[in-house]
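*Asks:* Here's a structure for you.
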Amino acid sequence: MAADWTPPPIVSHEMACEAETPSEVLFVCMDEACGRRVVVGKSRPRLTVIDRGDFSARHAGSVGGVAFDEVAVA
Ligand SMILES: [Zn+2]
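Just so you know, we're using our numbering here: the sequence shown kicks off at 1 and counts up by one.
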């Protein structure tokens, strides 16, 4: 492998469940400097961004059967 190869500068953030309703889960980014918040639907795949936070980071999270994995598109 080439010695001058460098990985892409994509930061990965973990998101935690902060609130939950029968139909939706609120995820908050664990990185305090980021503050991204999203609502994920349980019964159907739906993701609503409330606070954009660090848009360049990749965010993933899961709780009790609900999981999502956002891959940043620069
Ligand atoms: Zn984040």
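The C-beta atom is built at its ideal place from N, Cα and C for all residues, glycine as well. These numbers come from a predicted model, not from an experiment.
From G35 to E20, what does the alpha carbon distance come to, in whole angstroms?
*Replies:* So the alpha carbons of these two residues sit roughly 18 Å apart.
*Asks:* Where does C34 fall in DSSP's three states?
*Replies:* coil
*Asks:* Check each candidate in G65, D51, P7, V63 and name the one with the smallest Cα separation from E32.
*Replies:* D51
*Asks:* May I ask you to report which of helix, strand or coil DSSP gives G64?
*Replies:* coil
*Asks:* Of the residues M30, D54, G65, which one's Cα is nearest the Cα of R44?
*Replies:* Out of M30, D54, G65, G65 has the C-alpha closest to the C-alpha of R44.
*Asks:* Starting from I50, trace the beta strand (DSSP E) in both directions and tell me its first and last residue.
*Replies:* 47-51
*Asks:* What is the DSSP secondary structure of V11, counted as helix, strand or coil?
*Replies:* coil
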